[in-house]
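Chains as they are written, first to last, in the numbering used here: chain A, 963 to 1466; chain B, 445 to 786.
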Amino acid sequence: MQEQKTPRLVMEGITKEFPGVKALSNVSFQLFPGEVHSLMGENGAGKSTLIKVLTGVYSNDEGTVKLEGSPIHVANPLEAQDLGISTVYQEVNLCSNLSVVENIFIGRQIMKKGRIDWKEMKSRAEEVLARLNLTIDVTKLLSSYSVAIQQMVAIGRALNVSARVLILDEPTSSLDTDEVNQLFGVIRKLKDEGLAIVFISHFLDQIYEISDRITVLRNGELVGEYMTKDLPRIELVSKMIGKELDAVSSNRDEVAKKERGEVLLEVEQLARKGSVEPFNLDLHKGEIVGLAGLLGSGRTELARLLFGADKADSGEIKINGSKTKLNIPKQAISKGIAFCSEDRKAEGIIPDLTIRENIILAMQGINGVFNYIPKKRQIEIADEYIKLLNINPRNPEQLIKNLSGGNQQKVMLARWLITNPELLILDEPTRGIDIGAKAEIMKLMISLSKDGMSILFISSELEEVLRTCNKIVVMRDREKVSEIDNGKQVTQQDIMKQMAGGVV
Amino acid sequence: MAKSKLFWPIMVLVFILVFNLFFDPSFFTVEIRNGRFTGSLIDILNRGAPLMLISIGMTLVIATKGIDLGVGSVIAMSGAVGAMTVTGSPEGSLTPLFLAIVLALGVSVLTGVWNGVLVSRIGVQPIVATLILMVAGRGVAQLITNGQITTVYYEPYKFIGGGYLLMLPLSIFIVAFVFLIALYLTRKTSIGLFIESVGANPSASRLSGINSKNIILMVYMFSGLCAGIGGLILSSNVASADGNNAGLWYELDAILAVVIGGTSLMGGRFFLTGTIIGALIIQSLTTTIYSIGVPAETNLVVKAVVVLIVCLLQSPEFRNKVFGAFTRKGIKDTKDKGVTLS
Ligand SMILES: Nc1ncnc2c1ncn2[C@@H]1O[C@H](COP(=O)(O)OP(=O)(O)OP(=O)(O)O)[C@@H](O)[C@H]1O
Ligand SMILES: [Mg+2]
Chain A
963 MQEQKTPRLV
973 MEGITKEFPG
983 VKALSNVSFQ
993 LFPGEVHSLM
1003 GENGAGKSTL
1013 IKVLTGVYSN
1023 DEGTVKLEGS
1033 PIHVANPLEA
1043 QDLGISTVYQ
1053 EVNLCSNLSV
1063 VENIFIGRQI
1073 MKKGRIDWKE
1083 MKSRAEEVLA
1093 RLNLTIDVTK
1103 LLSSYSVAIQ
1113 QMVAIGRALN
1123 VSARVLILDE
1133 PTSSLDTDEV
1143 NQLFGVIRKL
1153 KDEGLAIVFI
1163 SHFLDQIYEI
1173 SDRITVLRNG
1183 ELVGEYMTKD
1193 LPRIELVSKM
1203 IGKELDAVSS
1213 NRDEVAKKER
1223 GEVLLEVEQL
1233 ARKGSVEPFN
1243 LDLHKGEIVG
1253 LAGLLGSGRT
1263 ELARLLFGAD
1273 KADSGEIKIN
1283 GSKTKLNIPK
1293 QAISKGIAFC
1303 SEDRKAEGII
1313 PDLTIRENII
1323 LAMQGINGVF
1333 NYIPKKRQIE
1343 IADEYIKLLN
1353 INPRNPEQLI
1363 KNLSGGNQQK
1373 VMLARWLITN
1383 PELLILDEPT
1393 RGIDIGAKAE
1403 IMKLMISLSK
1413 DGMSILFISS
1423 ELEEVLRTCN
1433 KIVVMRDREK
1443 VSEIDNGKQV
1453 TQQDIMKQMA
1463 GGVV
Chain B
445 MAKSKLFWPI
455 MVLVFILVFN
465 LFFDPSFFTV
475 EIRNGRFTGS
485 LIDILNRGAP
495 LMLISIGMTL
505 VIATKGIDLG
515 VGSVIAMSGA
525 VGAMTVTGSP
535 EGSLTPLFLA
545 IVLALGVSVL
555 TGVWNGVLVS
565 RIGVQPIVAT
575 LILMVAGRGV
585 AQLITNGQIT
595 TVYYEPYKFI
605 GGGYLLMLPL
615 SIFIVAFVFL
625 IALYLTRKTS
635 IGLFIESVGA
645 NPSASRLSGI
655 NSKNIILMVY
665 MFSGLCAGIG
675 GLILSSNVAS
685 ADGNNAGLWY
695 ELDAILAVVI
705 GGTSLMGGRF
715 FLTGTIIGAL
725 IIQSLTTTIY
735 SIGVPAETNL
745 VVKAVVVLIV
755 CLLQSPEFRN
765 KVFGAFTRKG
775 IKDTKDKGVT
785 LS
């Protein structure tokens, strides 16, 4: 039935080359009204690039784009918006120091007699957000809202113009289950209104739940287009990675019963006003402890206290039995702690620097100013981790801002792995990472812990947590609510109950 | 990358120099007179020395996403301290000279500490913090000199800016020395990496264990030191101290030199060699304007036009529009960031 409709959008023979990288070669893509079409592929497969070609961020070297049958040449994103192609990019680019209204209308303010018509803008903003089932005070600063709401505002901003095509590049990577459901409700509604929607995500469950059709890319080439209902998951995965996925085969009981070393970290009554209530924790050598909880439950805040990124008001931290003050990250790092932040753009990458420089940064921070790692050694280190984590492109001198989101994330991991920490704190380390690489990272975590490294693993993906952790600490409302020893009998349901407060 | 960044500035510099050839066929001639190399090129290097020095310091400050508006005033202060220390000193002894150098540079580094502390510890915005010094520093310089032009008769003092070594002006060696030190520190130690990472993403740098406060403090101190040396050279050149006018507008020339050299005011990557070329462009412009007899009043306008041209040439988008009209492919990659804010 859908096949008979005329496609709203057709991209044909798209080729895009960056210096040294062929990001897309001869890719075709079509999109029908009233459908959700997923773009799938590994990190660096070219998904975001295809989107950016469509919206005029990049110009394509070859190929044509047709919107409702007529060829279009989009020179820049504003033109794309005027044509009804609305996009929420992978890296959300909102201004958190402006109000919600301002964010929604930035660059296309509504004018009345040469002045900005605030009243009209406010009511229009409320209207748009209402379409997303969101009623918030739009005059407040964006930064006063949670990431999830900010994400919705980004979508609202995209929807603002009379949209015909809506593109969502990894919109769910920082949302929790409830919020994803809420977003899906909105997507379904928009789809019923006849919008054509492109959806990108690395979560298979979400892909299968929301999309009607899937296009798979691999290394910048088109693998094929499939109806979701006709494509079993296993097949999708092997199409994406070009081989069978070798899953993390971890015997959970074995993980749970794994021999634990001595105590590495003792946390007693650690607290910071407004972010973490008094918190206790013991962490053994070679142990992986999962930190579960909803967004805003205080997981990241706790991690930041343990790393000295924020200062604790009270409480005590002991490392290897001796009391320690952690007031700045440098102190924590010198004590063998590493912290890979969840916010890769704001707190992770140094955009203007190369992969190599980004990888050695923390290590060089430890070495200090005069103990400069010779460039040759830097390249060796970078090459080693590029290989280990399968970072793409392989060239250590590539600027990190030119990497795909998932590959940037891998560089962040590399930055901390080379410091060979005793305690590795990972805050949503698999965000934006494709399923093949996710499995690799899980495996890596388990093998590092076997070598004695302790890992504090914050993740919203309970499956990952259950698969790797010896112990799971659940937080709710900035407090620890329970500590569960992992084992076969523990289910995702059990943990979710704790996270939500007993009612699920 | 660095090479392509340097291409346009070098072209402009070459153009300005060749342009001079039409008015003065002997422009490129370097002669030996009285056992010294002389000629317009040497002259440009010599006169450009203070600007090159100050621009080197400014480059590092700008790389941390800061700016140092105080350098002009530091020039005045350093010159004032130096000159006042040696006035009336007996010719025979070199002690007053060394004392003057130590005191002048000490004061200059202190101003850097002041700026650096305001910016890194107290969190004052760089433009505000250094603006305070820009105003206050000149006031201090005027106080030191009693608001008058103080003339120095002590001969050794004139050596700093007017002396010769190996047949070349001493100031050229001073610049070369400072430049090489800066290159060494930023290439062979991790200071360069830290400066760039602090400038490009301060919170990520902090989380990577880099003490950004000390890095910031250090670049302002270095900038102060560079301005101090420049101030000594300038004051020694004219054998006097002028609290009112010495170093006036130098901060703006230095910022221009840095920008022409390819370092972005947004912080991050910096290009010391580019800065030197930028400073030379500005100096040769000034020299050219005087030597071909353009009325002095138009000096600033001509300068502004040339700077504008260099900046436009450096923008890939502009080059595309102008030169790329014939080629089919466009480089739009620079638009990457403008997505939501354009
Ligand atoms: N501006 C750029 N300059 C150079 N190379 C680039 C640039 N942008 C993207 N690339 C390269 O193009 C390839 C495709 O990147 P793209 O961002 O489209 O991947 P993706 O499929 O979205 O991956 P992810 O799932 O990690 O987001 C990558 O190899 C990337 O390094
Ligand atoms: Mg992407």
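Yeah, the Cβ is synthetic: ideal placement off N, Cα and C, and Gly gets one too.
Bridge-paired residues (DSSP) for residue i
{"i": "H999/A", "result": "V1160/A, R1175/A"}
{"i": "T595/B", "result": "S684/B"}
{"i": "I1047/A", "result": "V1127/A"}
{"i": "L1103/A", "result": "S1061/A"}
{"i": "D1447/A", "result": "K1433/A"}
{"i": "E1441/A", "result": "R1438/A"}
{"i": "Y608/B", "result": "P613/B"}
{"i": "K1074/A", "result": "R1077/A"}
{"i": "R1180/A", "result": "E1183/A"}
{"i": "G1255/A", "result": "M1437/A"}
{"i": "S1032/A", "result": "L1029/A"}
Alpha helix (DSSP H) segment containing residue i, residue limits
{"i": "I1311/A", "result": "Per DSSP, I1311/A belongs to no alpha helix (DSSP H) and is neither H nor E."}
{"i": "R491/B", "result": "484 to 507"}
{"i": "E1141/A", "result": "1139 to 1154"}
{"i": "D1345/A", "result": "1337 to 1350"}
{"i": "V551/B", "result": "539 to 564"}
{"i": "L1091/A", "result": "1080 to 1093"}
{"i": "L1418/A", "result": "Careful: L1418/A lies outside any alpha helix (DSSP H), inside the beta strand (DSSP E) at 1416 to 1420."}
{"i": "T574/B", "result": "570 to 588"}
{"i": "K1459/A", "result": "1454 to 1462"}
{"i": "N1369/A", "result": "1367 to 1379"}
{"i": "A1399/A", "result": "1397 to 1412"}
{"i": "P825/B", "result": "In this structure chain B extends from 445 to 786, so residue 825/B is not present and cannot be described."}
{"i": "F471/B", "result": "That residue, F471/B, is in no alpha helix (DSSP H); it is neither H nor E in DSSP."}
{"i": "F638/B", "result": "635 to 644"}
{"i": "G1118/A", "result": "1109 to 1121"}
{"i": "E1197/A", "result": "1195 to 1203"}
Endpoints, the beta strand (DSSP E) within which residue i is located
{"i": "T977/A", "result": "971 to 980"}
{"i": "Q992/A", "result": "983 to 993"}
{"i": "M1189/A", "result": "1183 to 1189"}
{"i": "T1026/A", "result": "1024 to 1029"}
{"i": "L1385/A", "result": "1385 to 1389"}
{"i": "R477/B", "result": "475 to 477"}
Closest Cα partner of residue i within the set the options
{"i": "Y1051/A", "options": "I1417/A, E1132/A, E1249/A, A1087/A", "result": "E1132/A"}
{"i": "I1321/A", "options": "H999/A, L1350/A, D1396/A", "result": "L1350/A"}
{"i": "N681/B", "options": "S728/B, F603/B, A580/B", "result": "F603/B"}
{"i": "S1136/A", "options": "L1232/A, I1434/A, P1336/A, S1421/A", "result": "S1421/A"}
{"i": "M496/B", "options": "V515/B, N478/B, K509/B, F481/B", "result": "V515/B"}
{"i": "L549/B", "options": "E695/B, T732/B, C670/B, S728/B", "result": "C670/B"}
{"i": "F1419/A", "options": "S1163/A, P1313/A, E1249/A, E1359/A", "result": "E1249/A"}
{"i": "M1461/A", "options": "Q1371/A, S1444/A, K1450/A", "result": "S1444/A"}
{"i": "V462/B", "options": "F451/B, S484/B, L450/B", "result": "S484/B"}
{"i": "S679/B", "options": "M521/B, I488/B, F467/B, N590/B", "result": "M521/B"}
{"i": "I1172/A", "options": "P1358/A, A985/A, L1001/A", "result": "L1001/A"}
Where residue i meets chain A, residues with beta-carbon distance less than 9 Å
{"i": "E640/B", "result": "I1312, D1314, L1315, E1319"}
{"i": "I660/B", "result": "Near I660/B there are no residues of chain A at all, since even the closest Cβ is about 14 Å away, more than 9 Å."}
Interface residues of chain B facing residue i [CB-CB closer than 7 Å]
{"i": "G1327/A", "result": "S652, G653, I654"}
Proximal residues of chain C, C-beta to C-beta of residue i below 8 Å
{"i": "V989/A", "result": "Looking at the structure shown, chain C is missing, and the protein chains on hand are A and B."}
Chain B residues whose Cβ lies nearer than 9 Å to that of residue i
{"i": "E1309/A", "result": "N645, S647, A648, R650, L651"}
{"i": "R1377/A", "result": "S652"}
Contact list for residue i against chain B, beta-carbon separation under 8 Å
{"i": "K1292/A", "result": "G653, I654, N655"}
Beta-carbon neighbours of residue i, restricted to chain A and to distances below 7 Å
{"i": "R713/B", "result": "D1314"}
{"i": "L632/B", "result": "According to the sequence displayed, residue 632/B carries Lys and not Leu. Those are Y1334, listed as they occur along chain A."}
Check: residue i C-beta below 7 Å from any heavy atom of ligand 3
{"i": "D1131/A", "result": "This structure does not include ligand 3; its bound ligands are ligand 1 and ligand 2."}
Taking only runs that begin and end inside the region 1217 to 1252 of chain A, name each unbroken beta strand (DSSP E) of 3 or more residues, in chain order. Counting only runs of 3 or more, we get 1225 to 1234, 1238 to 1246.
Report the start-end ranges of each beta strand (DSSP E) in the region 1270 to 1335 of chain A that is 3 residues or longer and not cut off at the edges. Given a length threshold of 3 residues, each whole run of the beta strand (DSSP E) inside the region 1270 to 1335 of chain A is given here in chain order: 1276 to 1281, 1284 to 1286, 1299 to 1302.
Along the chain, which unbroken stretches of the alpha helix (DSSP H) at least 4 residues long are found entirely within the region 683 to 756 of chain B? Counting only runs of 4 or more, we get 694 to 704, 716 to 735.
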